[in-house]
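Data block below; observations after.
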Amino acid sequence: MSEQERGTTATPGGEQPPQEPSVSHRLWRELTTGNAMLTVLSVVLALAIGGLLIILSDPRVQQAAGYFADRPSDTFATAWQSVSSAYAAMFRGSLVDFGEYSVVRAVRPLAATLTNATPLIAAGLAVAIAFRTGLLNIGAEGQIILGAIGAGYIGFTMDLPVVVHLVVAVLGGVLAGAVWGGIAGFLKARTGAHEVIVTIMLNYIARFLLAYLLTIAAFRRAGRSDPISPYVAESAQLPRLFEGARLHLGFLLALLAAAVVWWLLTRSTIGFRLRAVGFNPHAATTAGMSVARSYTLAMCIAGGLAGLAGASQVLGTERFLSSGISGGLGFDAITVALLGRANPWGTVAAGLLFGALRAGAVTMQAETGTPIDIVLVVQSLIVLFIAAPPLVRAIFRIRVRSRGLGAPEAKGWEA
Amino acid sequence: MIAMHRAAVIRVGAVLAASALVVTACGEAPEETDAGSDGTDFVGCMVTDEGGVDDKSFNETSHRGLVNAHDAGTISEVQVAESHSTADFEPNVSSMVSQDCGLIVTVGFMLADATAAAAESNPDERFAIVDFQYTDEDSGEPVTIDNVKPLVFNTHEASFLAGYLAAGYSETGTVATWGGAKIPTVTIFMDGYYDGVQHYNEVHDADVEVLGWDKESQDGQFTDDFSNASLAQQYSENLIQQGADVIMPVAGPIGESAAVAARDAGDVALIWVDTDGYESLPEYSDLILTSVVKGMDTAVQEAVEATADGEFSPEPFVGTLDNEGVSIAPYHDFSDEIDEELADEVAELEQQIIDGDLEVQSDAAF
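Chains as they are written, first to last, in my numbering: chain A, 1 to 415; chain B, 416 to 781.
Now the structure itself:
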């Protein structure tokens, strides 16, 4: 943003809210007041279309379709087999594998789901809480990276006693993420710089910062010339919850974070302020609330939550830092928050669903050769349907009674 | 990452388009036969890194090795697990372990830890890892894991020849290179290229300059990303403006941006890497002076075929000019433009390197 522009939009003391674009406000309304049924139907619809794609992309079905006129039953049989085996593999890969001989091995897929869900929940909350304050936090990706850098660095360089090390490392990650998120919030509050632009740019900075750090000696593993960090010291690792799976304490931290966010939003004064600002910044100003402070605070909290996601990835799941530590989690988190209707428990549910999709996709790909990209398409379709409720209503012929816009709380997942 | 998602959508779209073509629905039904009765029962598996199996680079080339082995009938099935982020590595490798894989090929240094861990907890499973060799943390000496075969390449030997050729071909006296990331598998190309040019300068008392990489300081131009095509093009344009008339981009798919820049500028030639660019980049084939070919497909194919024959060994495969694991591609359209003398010199150097009379060095060599 040029000096001149900043001059015109800067508001002394930042008390005056920047003009809220009406599109994001309408989206906000739609998301916080939409009903749970619609969400479920969107997921079902997306899975159905995903199934169609699996059928169409299966070479065996294509082959059978080649002689459709001659023996149509083949096409249907292979199509059914294709989609059922793919989704069955997805189920086995994400929940329970009944074919395994021991209980631990049978529930390992579930552990994989929860492991995948951990960063999605934490980062999803980061997007959700910003959303409740009327901010679109596209920067979870960068905040995750900063969190991972902070937690990782403390994890593999410092030498601290057992419990202390872990606590310091996690807090370091949360703090690093909070600072990164806070930058965007502060700039929005002070200069009116749009948070979408700022967070996107900060994502790039974070990514290249990580790429740079991995080239310097302090972040390099001994004996390796690749950009890969040392392992996090054992004292700083989030302990695994049970043998033979990667599920770790970070998952419980993510659930705890969800509880804290829920309490913050619904039971605390701060949360009331954030929601009031999100609902109508003008009214909030009139009521004597500081919009600027709320923006900065919301983005700090958001950054801290994403930082927690980064910390749990580096201290729990991966245990070392590499350039792909975030791998698009921050963008999936946006989807998770949208699907969760920007509601803490909804975000947890959505994070679990996406974690299951990711875990199942791995098995589906390995067992049936179905491209893993199908899952990305399913995820994207879910967002599409959620963003276009009339489409889903039309497809399922749902009639809606016109609802008042007064309901500030989603009644979906909480009910 | 957004770009990655888009690529995925395009890929699925392409599959749909292709299937639509196939669905003409008028063929004849085949007779019922027993499928897969060709005698072999060996599954070749692969776990890609974040690039995915169609990265026009090392994942794709390694995968081709498995496909070629399948086409040749030595293995019965090819299974691939694509990774989209580092978090996918461990689950992908484990899911392959739980399949009936005869050999699991993992691609790239990023998968080194996941592969080592899986190899350790599954001593009966066999692995091959492309582009990575385990080393001792303290001494830096190579370490052998009994069930992991490293497939690595001394590409600097071949890129030395390419550098020599570039220096001899250049009219402006300036040649250039840039890389996708400062990692050993990239810089090894640049080291050889740099030395090749220096060698030309020595032999011919010339003063050809290399832009984009300095072997002594181990520093140069990198996009730090294998997907940022516009940055890649900008780098290439800058290098051309500084007088370079031969460019070697070492960056997988976005190397193509150098071709775009070269086409715009005219009179600029390219040296492609990994595969013969004359074939893999047909729309720019007239710009390809030569290519530094890294035979990952051959290496993977040989490893999987040896394993299928019951002759797996954890002995690393090191691709060299000698065993044709690395090579420089034919000059194709440039055959007439390159002095016979220069071509002979390059051929002679190649022989010298093979015979061990000339040693090419790189910190990243194996």
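Note that beta-carbon positions come from the ideal geometry of N, C-alpha and C, so glycine has one too. Since the structure is predicted, the reported quantities are computational estimates derived from the model, not experimental observations.
Unbroken alpha helix (DSSP H) stretches of 4 residues or longer found wholly inside the segment 664 to 706 of chain B: 671 to 680, 692 to 695, given in chain order.
Distance from the CA of residue 780 (chain B) to the CA of residue 223 (chain A), rounded to the nearest whole angstrom, comes to 14 Å. Around the beta carbon of residue 608 (chain B), 16 or more other beta carbons lie within 10 angstroms, which makes this residue buried.
At a cut-off of 7 Å between C-beta atoms, residue 365 (chain A) counts as an interface residue with respect to chain B. What residue 598 (chain B) touches in chain A, judged by beta-carbon distance under 8 Å, is 225, 226, 227, going in chain order. Here residue 288 (chain A) is exposed. Its C-beta has fewer than 16 other C-beta atoms within 10 Å. Taking all protein chains in view, the Cβ of residue 478 (chain B) is crowded by 16 or more other Cβ atoms within 10 Å, so the residue is classified as buried. At least one beta carbon of chain A lies nearer than 7 Å to the beta carbon of residue 550 (chain B). In the DSSP assignment, residue 538 (chain B) falls outside any alpha helix (DSSP H), carrying neither H nor E. Inclusion of residue 713 (chain B) and residue 743 (chain B) in the CB contact set at 7 Å is not warranted, their separation being larger than that value. Residue contact check for residue 333 (chain A) against chain B: no CB pair falls below 7 Å. Check the Cα spacing between residue 506 (chain B) and each of B:529, B:765, B:486: the tightest is with B:529.
Note: residue 494 (chain B) is bridge-paired with B:460 in the DSSP secondary-structure output. For residue 565 (chain B), the enclosing beta strand (DSSP E) covers residues 563 to 568.
Put simply, the CB of residue 507 (chain B) is near chain A, with a gap under 7 Å to one of its CB atoms. The secondary-structure analysis by DSSP pairs residue 518 (chain B) across a beta bridge with B:459. Below the 9 Å Cβ cutoff, chain B contributes no neighbours of residue 149 (chain A), its closest Cβ being approximately 14 Å away. In chain order, 366 make up the part of chain A whose C-beta sits under 9 Å from the C-beta of residue 511 (chain B). At a cut-off of 7 Å between beta carbons, residue 604 (chain B) makes no contact with chain A. The three-state reading of DSSP puts residue 709 (chain B) in strand, counting E and B together. Using a Cβ-Cβ cut-off of 7 Å, residue 155 (chain A) does not count as an interface residue toward chain B, since no Cβ of chain B sits closer than that to its own. Rounded to the nearest whole angstrom, the C-alpha separation of residue 310 (chain A) and residue 296 (chain A) is 21 Å.
Cβ neighbours of residue 156 (chain A) within its own chain (closer than 7 Å, five residues either side excluded): 229, 230, 231, 232, 233. Residue contact check for residue 232 (chain A) against chain B: no CB pair falls below 7 Å.
For residue 286 (chain A), the enclosing alpha helix (DSSP H) stretches over residues 281 to 286. When C-beta atoms of the segment 317 to 331 of chain A are compared with those of the segment 78 to 92 of chain A, fewer than three pairs fall below 8 Å, so the two segments do not count as touching. Close partners of residue 478 (chain B) in chain A (Cβ separation under 9 Å) are lacking, with about 13 Å as the shortest Cβ gap. For residue 362 (chain A), the nearest beta carbon of chain B is closer than 7 Å to its own beta carbon. In this structure residue 776 (chain B) is exposed. Its beta-carbon is surrounded by fewer than 16 other beta-carbon atoms within 10 angstroms. Chain-order list of chain B residues neighbouring residue 143 (chain A): empty, with the shortest C-beta distance near 14 Å, by a criterion of under 7 Å. Straight through space, the alpha carbons of residue 750 (chain B) and residue 586 (chain B) are spaced by roughly 16 Å. With a cutoff of 7 Å on beta-carbon distance, residue 117 (chain A) and residue 325 (chain A) are scored as not near each other. Against chain B, a Cβ distance below 7 Å from residue 369 (chain A) picks out 494.
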